[in-house]
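Residues in the sequence shown are numbered consecutively from 1, following full-length UniProt numbering.
Quick notes on the structure that follows.
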Amino acid sequence: MLVQFWIAHRFIPSQTGKDIDVEGHEIFSELIWRSLLQNVTDMSAGITHYYSSDGIYHGHRRFCKMHDLIHDLAQFVTGDECSTLPGSNEFKKISKRIRHFTLNPDVGYDMGDRTPSVRTALPVGTNFIGLSKLKLVRVLKFHYEANVDELSTSIQYLLHLRYLNFSETYITELPESICMLVNLQTLNLNDCSQLAKLPMSIVYMNSLRHLYISRCPKLKIMPSGLSRLRCLKTLTKYIVSEKAGNKIGELKHWNLDGELGLYDLHEVKNADEAKEANMSSRQSIYSLSLSWGTSVENPEQVLEALKPHAALKLLSLHDYPGTQFSTWIRDEQQLQNLVRVQLEGCQRCEQLPPLEQLPYLEELTISRMDGIKHIINNTTGDAFSLFPELRFLNLKEMANLEGWYVEEDRETAPPLFPRLKNLIISQCPKLTNMPPQISTLEYLEIEESYRGTQIELLSKGKGFFKHLKSLERLLLTKCEELALLLEDKEETRPLSSSLHSLSINDCSRFSLSAALQNLTSLERLSMHHFEELVSWPDEMFRGLESIRSLIIWSCKNLTSASSQGDCGPLFLEDLCVSNCDALIELPKCPTSLKKLVVSNCLSIKSLCSDMGHLTALAHLELFECPKLESLPEGMQGLTSLKYLYIQDCPALKSFPQGLQQLLPTLKLLKINGCPKLERRCSPGGDYFRLVSSISEKSIKNSPRRTLIAPCL
């Protein structure tokens with residue numbers, strides 16, 4: 001995106017016969033070579049940022065930063081042309097010479113006439129007024145919470161706009177008037193979960209070079225005539241539709257590079273039609289996603305005709321209806337440059353391609369393939385190891401997966417996964433053992449899998465956790481027998497010094513108390529769906545000095561604090577309590593607490609009776625507690641409090657006197673969906689004078705959205 005920013009501002013000189021995007025990337029590489037940009041992380045070679053915790057791929061990215069001295073020099077040279085505006089007070093002081101600014105999306109800004117020369121504005125939030133007055137703006141990005149359907153009607157007046165980013169917003173459709181943006185080069189709609197269609201007029205935007213529409217699940221059809229966009233270089237999603245005139249052969253009109261997704265391939269009639277896409281010659285495509293919608297005849301021939309160039313790094317197949325993969329997928333030489341492979345919903349395939357021999361494969365996701373019994377079907381050959389570079393493995397909804405390789409090959413097979421760091425296994429009920437000798441694993445997530453008895457798990461795995469000497473994070477969901485192994489001191493001995501984070505979800509027979517005594521290095525604990533938990537488990541935590549973060553989520557029978565009244569872990573710093581519908585009050589928290597989050601607790605009427613001793617508390621967040629009527633007295637003791645966020649607590653009428661004293665010292669105040677508090681903090685209200693000096697504040701009564709607990 002940085003290169004596209006440069007192009008939008010015409011920072012890159014146009015040379016005859018040379019693609020301006022190529023020129024931009026060469027300049028980027030030059031800055032890295034000269035160390036003006038440093039610590040470059042290429043996400044095509046690193047699994048940490050490819051995936052979220054649910055194993056979903058989130059695109060190819062490169063990250064870098066500028067050296068402090070170079071940053072200071074850049075600030076000196078640009079002077080007052082660039083600014084970061086944390087609050088509305090700073091906005092009132094900005095120079096009329098400002099060209100580029102970064103905004104706080106929660107703060108209200110009224111452009112008025114003070115910013116006539118602005119070229120860059122990001123991210124634009126809901127409280128942004130006067131968007132149409134930014135007549136010269138070239139780069140514009142909207143915040144994910146912005147009311148983009150309303151704001152988007154103003155962008156037709158921004159005739160100089162070249163880069164427009166709606167990614168991760170709730171936009172449902174773009175106005176037809178967007179075609180008036182005749183200079184627009186980049187339109188980013190990635191991850192717009194509500195986007196249902198593109199405007200028909202988009203085919204007339206002749207300057208458009210990059211159209212990003214990945215991960216837009218409601219987008220099922222594309223406008224007719226897209227082939228008119230002859231300048232298009234990036235098209236991340238192309239939906240084949242004979243009815244709309246978007247045949248796969250239309251791809252021949254574009255010299256695409258980067259990421260390409262082809263959807264509804266069941267609309268492709270035969271191999272000859274598929275060959276018109278000319279995929280084998282597209283060397284600049286590094287990521288290819290192929291997706292079918294329904295079963296068709298001879299899908300193998302269509303897949304064979306879509307053979308990509310050997311330079312491909314990322315390959316995804318979704319809902320492929322064939323019984324076997326094409327020859328180019330089974331050819332190790334053809335795919336030797338692959339870094340990531342994703343196979344989903346290929347239900348009729350009974351064998352996986354020989355992915356274990358790929359020399360650079362770092363990430364593998366396999367899901368909804370009921371015909372697969374083993375990951376590896378043939379261990380013959382001269383390989384020193386199988387999956388030699390694999391770092392991330394995600395197996396999901398594999399109903400008949402029994403093992404890693406055919407049982408008779410187990411003793412003679414080369415080492416498996418010698419570099420594996422992250423392993424996610426979800427809904428694989430017939431799998432009974434871990435990969436052997438997997439000592440490099442750092443993150444393990446298992447959900448509804450390993451349903452054998454405790455004896456079976458120990459015998460087949462020869463000690464399930466025995467080799468996990470590097471494991472740092474463990475997440476178990478609905479794995480009764482597997483969770484019980486954590487109570488065994490010998491079984492958990494390898495984890496005692498390495499495991500820092502443990503999340504247990506819906507394992508009713510599991511005794512967490514016994515497990516915690518064995519895990520002496522544990523710093524973060526998440527307890528989900530513990531139905532037997534009625535009162536606060538202070539006895540369970542007594543003596544545990546290592547735990548710093550505690551999450552208690554969806555424990556429906558938890559009603560009150562314990563008789564002792566103490567929260568538990570002695571040195572607890574972060575506490576999140578969420579979706580505990582019966583909870584009435586919190587226990588007394590330790591003085592070490594720095595962050596407290598209470599979310600979706602429908603019965604809670606008050607926090608702990610005394611909070612004045614929490615002198616280290618810096619963050620207090622309250623979400624969707626409809627019966628919370630008041631906050632405790634004595635809050636003047638919260639001398640470190642800097643961030644206060646209250647949302648959807650409509651019964652909360654006022655702040656206690658102690659908290660009122662602290663309001664002017666806050667760095668951030670956000671109040672949303674609390675009408676009584678909102679009135680008191682608005683102009684003319686009791687608290688307006690107290691909150692007016694807070695640089696970052698957002699006080700509104702906007703419609704509620706489904707809220708996910710912020711501590712998860």
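Where a beta carbon is used, it is the ideal one built from N, C-alpha and C, also for glycine.
Cβ separation of residue i and residue j, assumed to be a contact under 8 angstroms, to the nearest whole Å
| i | j | result |
| --- | --- | --- |
| Leu602 | Leu572 | Not quite, the Cβ-Cβ distance comes to about 24 angstroms (not below 8 angstroms), so this is no contact. |
| Ile446 | Leu401 | With 8 angstroms as the limit, Ile446 and Leu401 do not qualify as a contact, their Cβ atoms being about 13 angstroms apart. |
| Glu363 | Arg391 | 7 angstroms |
| Leu140 | Asn104 | Contact doesn't hold; Cβ gap of about 16 angstroms is too wide. |
| Ser503 | Ser526 | 4 angstroms |
| Lys377 | Gln351 | Checking the displayed sequence, the identity of residue 377 turns out to be Asn instead of Lys. Yes, they are in contact, since the Cβ atoms of Asn377 and Gln351 sit about 5 angstroms apart, within 8 angstroms. |
| Pro435 | Glu448 | No, Pro435 and Glu448 are not in contact; Cβ-Cβ is about 19 angstroms, not under 8 angstroms. |
| Ser385 | Pro415 | 5 angstroms |
| Asn190 | Arg215 | 6 angstroms |
| Leu420 | Leu441 | 6 angstroms |
| Ser560 | Ser535 | 6 angstroms |
Residue burial classification, residue i (beta-carbon count within 10 angstroms, cutoff 16)
| i | result |
| --- | --- |
| Lys396 | buried |
| Thr453 | Confidence at Thr453 is low in this model, with a pLDDT of 48, below 50, so its placement is unreliable and the value that follows should be read with caution. Exposed is the call here. |
| Ser326 | buried |
| Thr477 | buried |
| Ser295 | exposed |
| Gln647 | buried |
| Asp21 | buried |
| Ser289 | buried |
| Met200 | exposed |
| Lys252 | exposed |
| Pro361 | Checking the displayed sequence, the identity of residue 361 turns out to be Leu instead of Pro. That one is buried. |
| Trp33 | exposed |
| Leu458 | Because the pLDDT at Leu458 is just 46, under 50, the model does not fix this residue reliably, and the value given afterwards should be weighed accordingly. It is buried - the Cβ of Leu458 has at least 16 other Cβ atoms within 10 Å. |
| Asn188 | buried |
| Gln4 | buried |
| Val77 | exposed |
| Thr169 | buried |
Residues bridged to residue i (per DSSP)
| i | result |
| --- | --- |
| Phe142 | Val124 |
| Asp574 | Ser549, Lys595 |
| His100 | Cys82, Thr120 |
| Val341 | Leu315, Leu364 |
| Phe387 | Bridge partners of Phe387: none, in fact. |
| Tyr443 | Asn422, Arg473 |
| Arg524 | Ser501, Ser549 |
| Lys697 | Leu669 |
| Asn394 | Thr365, Ile424 |
| Leu290 | Leu262, Leu317 |
| His374 | Gly403 |
Residue i in three-state terms, based on DSSP
| i | result |
| --- | --- |
| Trp553 | strand |
| Asn518 | helix |
| Tyr645 | strand |
| Ile455 | For Ile455, the predicted model reports a pLDDT of 45, less than 50, meaning its position is unreliable; a value from the coordinates is still stated below. Three-state result, Ile455: helix. |
| Gln38 | strand |
| Ile32 | helix |
| Gly261 | strand |
| Arg509 | coil |
| Ile424 | strand |
| His9 | coil |
| Ile248 | helix |
| Leu131 | helix |
| Ser503 | strand |
| residue 713 | The question about residue 713 has no answer, for the chain in this structure spans 1 to 712. |
| Leu226 | helix |
| Gly637 | helix |
| His210 | strand |
| Glu350 | coil |
| Gly658 | helix |
| Ile221 | coil |
| Glu624 | coil |
| Lys275 | helix |
| Ser535 | strand |
| Glu176 | helix |
| Leu690 | helix |
Cβ of residue i within 8 angstroms of any chain D Cβ
| i | result |
| --- | --- |
| Ser207 | Structure shown: chain D not included; a single protein chain is present. |
| Does the pairing of the stretch 243-250 with the stretch 280-287 give three or more beta-carbon distances under 8 angstroms? | The stretch 243-250, when compared against the stretch 280-287, does not touch it at the 8 angstroms Cβ threshold.
| said: Can you confirm whether the stretch 686-700 touches the stretch 656-666 when touching is taken to mean that 3 or more C-beta pairs between the two stretches lie within less than 8 angstroms? | reply: At 8 angstroms Cβ cutoff, the stretches touch.
| task | Spell out a yes or no on whether the stretch 205-217 and the stretch 183-191 are touching, meaning 3 or more CB-CB pairs, one atom from each, closer than 8 angstroms. | result | Three or more beta-carbon pairs separated by less than 8 angstroms link the stretch 205-217 to the stretch 183-191, which places the two stretches in contact.
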